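J.: This is the structure I have questions about; it appears just below.
Residue numbers (my numbering): 945 to 1167.
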């Protein structure tokens, strides 16, 4: 009998300890589900808080393989057709429900790289340049530059072009495009250009925007 009472007492103590843990687990699950859109590791490339963003700055807040979130200003408009624009709420554009991996941000516009604004680029295609012995035409094609600048026809002399070459840098830039960028910089047609991995490009974009510099940014969310 004493042994039975001892077991019952031990069981009650264990139950008291377990119940709070169960309650704690139950209370965290819903919040984890709600926060799954914003917490690591879902956004493994870039994960910046979207609280207290400067409304006058275009900030890229989150990036993972195949998806991007960024804050746009009131003056920035989507250059894609209405039916192909990414979902936007409170000036936060979320590309998760699209199949697009290539995005462009300029001082006055944003959108995905489609044949609507980039017909030559889409016709040529962006071929991954992950091997050094591949054709010099592989990577982002030369035609991209002209179509990219045409999206937002402003004075480019103060503009810095930022090109993301992929999450792992596998997309790359074609040799003709790289030469064209260097020529434009040398002639003073643009202020500068940067070719970086997607993470590096996002970090540099946010830095330059915060400093008040004019940037044209291309982001590739694959490769």
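Note that beta-carbon positions come from the ideal geometry of N, C-alpha and C, so glycine has one too.
As the structure is a computational prediction, the values presented were derived from the model and not from experiment.
1) Whole alpha helix (DSSP H) runs in the stretch 989-1018 with 4 or more residues, listed along the chain?
2) Between residue 1007 and residue 1131, what straight-line distance do the alpha-carbon atoms span, to the nearest angstrom?
3) Excluding the five sequence neighbours on either side, which residues of its own chain have a C-beta within less than 7 Å of the C-beta of residue 1118, listed in chain order?
4) Give me whichever residues DSSP pairs with residue 1086 in a beta bridge.
5) For residue 1139, which residues does DSSP report across the bridge?
6) If we count the other Cβ atoms within 10 Å of its Cβ and call it buried at 16 or more, is residue 1069 buried or exposed?
7) Flag this pair as yes or no: are the beta carbons of residue 1036 and residue 1013 separated by less than 8 Å?
8) Just to confirm the assignment, what range does the beta strand (DSSP E) spanning residue 1055 have?
9) Helix, strand or coil for residue 1059 per DSSP?
10) Please determine, among 1121, 1097, 1016 and 1138, the residue with the shortest C-alpha to C-alpha distance to residue 1108.
11) Kindly indicate which three-state DSSP category residue 1065 falls into: helix, strand or coil?
12) Residue 1081 lies in the beta strand (DSSP E); which residues open and close that run?
13) Can the beta-carbon of residue 1134 be found less than 8 Å from the beta-carbon of residue 1095?
14) Which residue marks the beginning of the alpha helix (DSSP H) containing residue 1127, and which one marks its end?
15) To which residues does DSSP link residue 1047 through a beta bridge?
T.: Taking the structure as given:
1) none
2) The C-alpha of residue 1007 lies about 34 Å from the C-alpha of residue 1131.
3) 1080, 1081, 1082, 1083, 1084, 1085 and 1086
4) Looking at the DSSP assignment, residue 1086 forms no beta bridge with any residue, so it has no partner.
5) Within the DSSP secondary-structure output, residue 1139 pairs in a beta bridge with 1107.
6) exposed
7) yes
8) 1053-1056
9) Coil, per DSSP.
10) The shortest CA-to-CA distance from residue 1108 to any of 1121, 1097, 1016 and 1138 is the one to 1138.
11) helix
12) Here residue 1081 belongs to no beta strand (DSSP E), and DSSP marks it neither H nor E.
13) no
14) 1119-1130
15) 1056 and 1163
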